[in-house]
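Quick note on our numbering: the sequence shown kicks off at 7 and runs consecutively.
Structure, as structure tokens:
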Amino acid sequence: MKPLKEFTIAFVGLKEAKHLFEYKIEQAFFEHFEYEEFNDVNIKVDVELNKKTTLLELHFKVSGWVNVNCDLTNEPYNQTIENEFNLVVKFGDEYNDEDIDILIVPHGTYEISIQQYIYELIVLAVPTKRVHPGVEDGTLDSDILEKLEELSPELKEDKEKEDKEDIDPRWNTLKKLLTDK
């Protein structure tokens, strides 16, 4: 996959201090990754780079919303997300990203691409079960919801009440015989 230029940080010319990078993520970013779960995206990413003599410390902070479809009703809604992640970049003999929060890059590297970390941070911030807020508070009117309620199994209490009403009265006299002992 071709790296996006705006998500590449050239750290070689930076002073040893903290540097802040801000990014606005929109739908085109996820189209680059061919990720089609989101209908629309509006996310702000703050990356704080703390350059030290032997390593780099990156702190990612993601906040905003993604428009996704509800798992129950398939109605689109804006899911707010927030997530944070710390990454340490060290220098070594060869590239190694096996550890989740430590990245080792070869000596002489002058830039790092952070697009994959931003992508994963956003995707992992979205809940696995996406439920429209209108479903939770009962304000959403949807044909699918009405059909689900119509086809849902009856509650146990309602069933017991119906069972009591449907009992043949002759059985009640027989039950009295059992309790008269």
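Heads up, the beta-carbon is just placed ideally off N, CA and C, and yes, glycines get one too.
Expected contact under 8 Å - CB spacing of residue i and residue j to nearest Å
| i | j | result |
| --- | --- | --- |
| Ala-131 | Asn-89 | 4 Å |
| Leu-62 | Leu-55 | 6 Å |
| Ile-118 | Ile-15 | 6 Å |
| Val-68 | Ile-128 | 6 Å |
| Phe-66 | Ile-110 | With a Cβ gap of about 18 Å, Phe-66 and Ile-110 do not count as contacting. |
First through last residue of the beta strand (DSSP E) which encompasses residue i
| i | result |
| --- | --- |
| Val-111 | 108–112 |
| Glu-117 | 117–119 |
| Asp-52 | 46–57 |
Residue environment, residue i, which counts as buried when at least 16 other CB atoms sit within 10 Å
| i | result |
| --- | --- |
| Leu-157 | exposed |
| Val-53 | buried |
| Ile-106 | exposed |
| Gly-98 | exposed |
| Leu-51 | The sequence as given places Val at residue 51; Leu does not occur at that position. Buried, since its Cβ has 16 or more Cβ neighbours within 10 Å. |
| Ile-85 | It should be noted that the sequence gives Gln, not Ile, for residue 85. Its Cβ being crowded by 16 or more others within 10 Å, Gln-85 is buried. |
| Gln-122 | exposed |
| Ile-173 | exposed |
In DSSP terms, what residue i is bridged to
| i | result |
| --- | --- |
| Gln-85 | Val-72 |
| Glu-90 | Lys-67 |
| Tyr-29 | Val-51 |
| Trp-95 | In the sequence on display, residue 95 carries Val and not Trp. In DSSP, Val-95 forms a bridge with Leu-62, Leu-109. |
Range covered by the alpha helix (DSSP H) that runs through residue i
| i | result |
| --- | --- |
| Phe-17 | Element bounds for Phe-17: n/a, residue is neither H nor E. |
| Glu-142 | 139–143 |
| Glu-37 | 33–38 |
is_contact[residue i, chain D] using C-beta, thresh 7 Å
| i | result |
| --- | --- |
| Lys-135 | The structure shown contains no chain D, having only a single protein chain. |
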